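Report on the following structure.
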Amino acid sequence: MSRILTVGAAQLGPIQRDHSRASVVQRLIALLHQANQHGVQLVVFPELALTTFFPRWFVDDITEADHWYETAMPNADTQPLFDEAKRLGIGFSLGYASIETDADGTRHRYNVQTLVERDGSIVATYRKVHIPGHEHHEPGRPFQHAERYYFEPSKEGFGVWRAFDGVIGMMICNDRRWPESYRVMGLQGVEMILCGYNTPIHYVPDPSQDILQGFHNALVMQSGAYQNGTWVVGVAKAGVEEGVDSLGQSMIVAPSGQIVAQTLTTDDELIVARCDLDWCARYTGTLFNFDRYRRPEVYGRITTQRGVMLPD
Ligand code: ING
Numbered sequence: 002m003s004r005i006l007t008v009g010a011a012q013l014g015p016i017q018r019d020h021s022r023a024s025v026v027q028r029l030i031a032l033l034h035q036a037n038q039h040g041v042q043l044v045v046f047p048e049l050a051l052t053t054f055f056p057r058w059f060v061d062d063i064t065e066a067d068h069w070y071e072t073a074m075p076n077a078d079t080q081p082l083f084d085e086a087k088r089l090g091i092g093f094s095l096g097y098a099s100i101e102t103d104a105d106g107t108r109h110r111y112n113v114q115t116l117v118e119r120d121g122s123i124v125a126t127y128r129k130v131h132i133p134g135h136e137h138h139e140p141g142r143p144f145q146h147a148e149r150y151y152f153e154p155s156k157e158g159f160g161v162w163r164a165f166d167g168v169i170g171m172m173i174c175n176d177r178r179w180p181e182s183y184r185v186m187g188l189q190g191v192e193m194i195l196c197g198y199n200t201p202i203h204y205v206p207d208p209s210q211d212i213l214q215g216f217h218n219a220l221v222m223q224s225g226a227y228q229n230g231t232w233v234v235g236v237a238k239a240g241v242e243e244g245v246d247s248l249g250q251s252m253i254v255a256p257s258g259q260i261v262a263q264t265l266t267t268d269d270e271l272i273v274a275r276c277d278l279d280w281c282a283r284y285t286g287t288l289f290n291f292d293r294y295r296r297p298e299v300y301g302r303i304t305t306q307r308g309v310m311l312p313d
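Per the working numbering, the very first residue in the sequence shown carries number 2; after that it's consecutive.
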């Protein structure tokens, strides 16, 4: 019998800096209720789904940004979401900024995504691997993208987890632009990758890319899905957030690379798809039978080399 996982991509419209977490959680719960009406088993929320995308500002004293981070999950603000999801028997993945404190008191700041099963248990928390943007204040920019100031990169890389009767993986935003993200999970048998994103339309280093943001968003997720025989659920925080216009176009992509559902707005919007996890084998068992066709013996550069090394 096919393993059908009915998934909901719960896109968020803008979260302005003065929006309280409580008001945002109410928006998340409203999307959960919509999902429940469609028999959804797993709801995917965007990256940094509890706050505005605060790396668009630079603060010299980083502790002034502490209030944008969560120090526990769930917590008083998010417990209503966890409780309602458990009551409805719906699992979800949620992106947020996290401060973790080591035993020796060292604080670590991560951009994370947590996966919660239908019984309310936390399956795993993934830390973002590919941190885009810049480390230092760039006053000449119309807005900052200082993720490399606010977040440390993951040391663990990409994992997958048995949940929702399948093999589920997670990545966050810029991760979706790197083929390695999908392949490392593909080599672990991933069947559905959950990805939240906050993507400004205007790309300051090269404005010629602005008009291609939607094309690139679809390109990377469709190719990642197809080349690894996996479902990909990409979910945006969209619309004009504190004056910055962010891409919507959340989508659910099949292992064939076909887009089976896509949002039409840049507001809070739920899209739903019945995802047959057994469909993955049509690709991983044929064209992309990794064990039969891959040639890791000639791929050495991929893991030993960071940047380009030109020929003499
Ligand atoms: N955001 C962006 C992303 O990779 C970016 C960074 C913006 C890249 C615009 C290219 C163009 O979608 C995050 N949060 O990674």
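Backbone N, C-alpha and C define an ideal beta-carbon position, used for all residues, glycine too.
Quantities reported herein were computed from a predicted structural model and do not represent experimental measurements.
Ordered along the chain, which non-local residues of its own chain (more than five positions away) have a Cβ less than 7 Å from that of residue i?
i      : result
Glu153 : His109, Arg110, Tyr111
Arg320 : Absent from the model: residue 320. The displayed extent of the chain is 2 to 313, so no value can be given.
Tell me which residues share the same chain as residue i and place their Cβ nearer than 6 Å to its Cβ, disregarding the 5 neighbours each side in the sequence.
i      : result
Tyr198 : Glu48, Cys174, Ala237
His203 : Asp211
Gly187 : Asn229
Glu71  : Tyr97, Ser99
Leu162 : In the sequence under discussion, the amino acid at residue 162 is Trp, which differs from the Leu named in the question. Cβ within range, chain order: Val124, Ala125, Ile169.
Phe59  : His138, Gln145, Ala147
Leu95  : Phe46, Ala50, Thr115
Should residue i be counted as a contact of the ligand ING given a C-beta to heavy atom distance under 7 Å?
i      : result
Glu101 : no
Cys127 : The residue asked about is misnamed: residue 127 is Tyr in this sequence, not Cys. Not so, every heavy atom of the ligand ING lies at least 7 Å from the Cβ.
Tyr294 : no
Gln1   : Nothing can be reported for residue 1, as the shown portion of the chain is limited to 2 through 313.
Cys174 : yes
Asn76  : no
Arg307 : no
Asn229 : no
Arg178 : yes
His146 : yes
Tyr204 : yes
Pro15  : no
Thr200 : yes
Glu153 : no
Pro312 : no
Pro47  : no
Are there 16 or more other CB atoms within 10 angstroms of the CB of residue i, so buried, or fewer, so exposed?
i      : result
His39  : exposed
Gln114 : buried
Ser3   : exposed
Phe93  : buried
Arg18  : exposed
Gly301 : exposed
Thr216 : The residue asked about is misnamed: residue 216 is Phe in this sequence, not Thr. That one is exposed.
Met252 : buried
Val299 : exposed
Near residue i, what residues of its chain come up, given a Cβ to Cβ distance below 8 Å and the 5 sequence neighbours on each side ignored?
i     : result
Ser1  : Given that the chain is displayed from residue 2 to residue 313, the structure contains no residue 1 and the question cannot be resolved.
Asn37 : Leu89, Ile91
Thr7  : His39, Gly40, Val41, Gln42, Leu43, Val273, Ala274, Arg275, Cys276
Leu33 : Ala11, Val44, Leu82, Glu85, Ala86, Leu89, Ile91, Phe93
TODO: Count the CB pairs spanning the segment 22 to 30 and the segment 74 to 88 that are closer than 8 Å, and state whether there are at least three.
DONE: Here the segment 22 to 30 lies against the segment 74 to 88, with 3 or more beta-carbon pairs under 8 Å apart.
Task: Completely contained alpha helix (DSSP H) runs for the segment 19 to 46, where each covers 4 or more residues - done: Fully enclosed alpha helix (DSSP H) runs of 4 or longer: 22 to 38.
Open item on the list: Can you confirm whether the segment 239 to 257 touches the segment 300 to 313 when touching is taken to mean that 3 or more C-beta pairs between the two stretches lie within less than 8 Å?
Closed with: Touching, no, given that fewer than three Cβ pairs across the two stretches are closer than 8 Å.
Open item on the list: Does the structure place the segment 97 to 108 close enough to the segment 180 to 188 that three or more beta carbon pairs sit under 8 Å?
Closed with: Verdict: no, contact absent.
Task: Uninterrupted alpha helix (DSSP H) stretches inside the segment 162 to 239 (no shorter than 4 residues) - done: Within the segment 162 to 239, the complete alpha helix (DSSP H) runs of at least 4 residues fall at 180 to 187, 214 to 229.
Open item on the list: Any contact between the segment 264 to 272 and the segment 283 to 301? By contact I mean 3 or more CB pairs, one from each, below 8 Å.
Closed with: Taking a cut-off of 8 Å on C-beta distances, the segment 264 to 272 does not touch the segment 283 to 301, as fewer than three cross pairs fall below it.
Task: Completely contained beta strand (DSSP E) runs for the segment 274 to 301, where each covers 3 or more residues - done: You should have found no qualifying run.
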